[in-house]
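For reference, the structure is listed below as structure tokens.
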Amino acid sequence: MKIAIYSTKNYDRKYIELINAKYNFDLEFFDFMLNESTVRLAEHCEVVCIFVNDNGSRKVLEKLAALGVKIVALRCAGFNNVDLKAAQELGIQVVRVPAYSPEAVAEHTIGLMMTLNRRIHRAYQRTREANFSLEGLIGFNMYGRTVGRNRNRKNRDRSDANFERFWHEYLGVRSFQKSSSRRTGGQYVELDELYAKISCDYASLPSNARKTIIY
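Under my numbering, the first residue of the sequence shown carries the number 723, and numbering increases by one thereafter.
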């Protein structure tokens with residue numbers, strides 16, 4: 723099987739080739755995006771692998787179908803860049819990443835909170851210039867504080883477990899409560915109460931009008 727892989731970076735190629743050692747697929751890597759101009763390079767390929775900014779419009783899919791492509795595989799969970807109706811009509815199967823690593827998302831969340839609190843990004847720039855002043859870099863101890871969350875996604879249990887190590891209490895928005903989240907011991911309150919009590923907040927929300935929150 724021959725696979726055309728668009729929008730590849732060095733890290734993509736490294737891990738794809740590592741996994742492919744088991745399957746020995748014929749891989750063709752492209753560092754540019756899939757679009758109406760580059761679609762022709764998928765000739766003789768049965769599968770096209772794309773990322774978030776690649777063009778999966780009807781026009782592109784029609785050209786892929788004409789080339790004999792049967793599967794469009796996304797290296798991401800989102801699929802808003804692919805015309806699913808057109809793919810179905812053309813007999814092209816669309817597959818995607820079912821979910822991101824809950825541990826990775828949770829750990830990245832903690833890392834971002836610590837960075838913002840202690841201004842680690844600013845400290846890094848200063849030390850490169852031999853400036854070791856603490857002015858403007860003072861944060862606060864997160865231990866014993868209250869953290870809030872505005873969304874329960876698949877990473878919720880991993881995040882909650884990490885929060886328990888750092889903070890005295892963490893709160894969730896009651897409207898997002900899921901029965902499976904009760905295992906972690908977090909409390910659920912109304913949104914106004916959450917904002918009144920917390921020192922830190924993390925929002926894992928889709929960008930749409932219904933759930934957009936202005937801070």
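Note that the Cβ used here is the ideal one computed from N, Cα and C, for glycine as well. As the structure is a prediction and not an experimental result, all values here were calculated from the model.
Test item: CB-CB of residue i and residue j under 8 Å
i      : j      : result
Val774 : Val794 : no
Ile738 : Leu749 : yes
Arg986 : Cys771 : For the chain, the structure presents residues 723 to 937; residue 986 sits outside this window and is missing.
Glu765 : Leu789 : yes
Glu758 : Lys731 : no
Lys713 : Val819 : Here the chain comprises residues numbered 723 to 937, so residue 713 is not present and cannot be evaluated.
Leu812 : Ala787 : yes
Leu763 : Phe751 : no
Status (buried if at least 16 other CB within 10 Å, exposed otherwise) for residue i
i      : result
Ala799 : exposed
Asn777 : buried
Ile842 : exposed
Tyr846 : exposed
Ile814 : buried
Ser823 : exposed
Thr849 : exposed
Leu859 : exposed
Leu834 : exposed
Ala743 : exposed
Ala809 : buried
Cut-off 7 Å between Cβ atoms - residues of its own chain near residue i, not counting five sequence neighbours on either side
i      : result
Phe862 : Asn839
Ser779 : Asp805
Any chain B beta carbon closer than 8 Å to residue i
i      : result
Met723 : Among the chains in the structure shown there is no chain B, since it carries only a single protein chain.
Beta strand (DSSP E) segment containing residue i, residue limits
i      : result
Ala809 : First-last for Ala809: 806-812, but that is the alpha helix (DSSP H), not the beta strand (DSSP E).
Lys724 : 724-727
Val819 : Neither: Val819 is in no beta strand (DSSP E) and is coded neither H nor E.
Ala795 : 793-796
Ile772 : 769-772
Leu749 : 748-751
Own chain partners of residue i with C-beta closer than 6 Å, once the 5 adjacent residues on each side are dropped
i      : result
Lys919 : Thr868
Phe747 : Met723, Ile725
Glu785 : A small fix is needed here, since residue 785 is Lys in this sequence, not Glu. Answer for Lys785: Val761, listed in chain order.
Asn802 : none
Leu756 : Tyr728, Ile772, Asp776, Asn777
Ile829 : Per the sequence shown, the amino acid found at residue 829 is Glu instead of Ile. Correct list: empty, nothing qualifies.
Cut-off 8 Å between Cβ atoms - residues of its own chain near residue i, not counting five sequence neighbours on either side
i      : result
Phe754 : Tyr728, Ser729, Thr760
His890 : Since pLDDT at His890 reaches only 48, below the 50 mark, its modelled position is unreliable, and the value read off the structure follows with that caveat. Closer than 8 Å at the Cβ level, and outside the excluded window around His890, lie Tyr865, Gly866, Arg867, Thr868.
Cys767 : Lys724, Ile725, Ala726, Glu750, Leu789, Gly790, Val791
Ser855 : Arg848
Tyr745 : none
Met836 : Ile842, Met864
Residue interval of the alpha helix (DSSP H) (run including residue i)
i      : result
Leu789 : 780-789
Glu851 : Taken as a continuous stretch (DSSP letters only), Glu851 belongs to no alpha helix (DSSP H), as it is neither H nor E.
Glu739 : 732-742
Asp914 : 913-919
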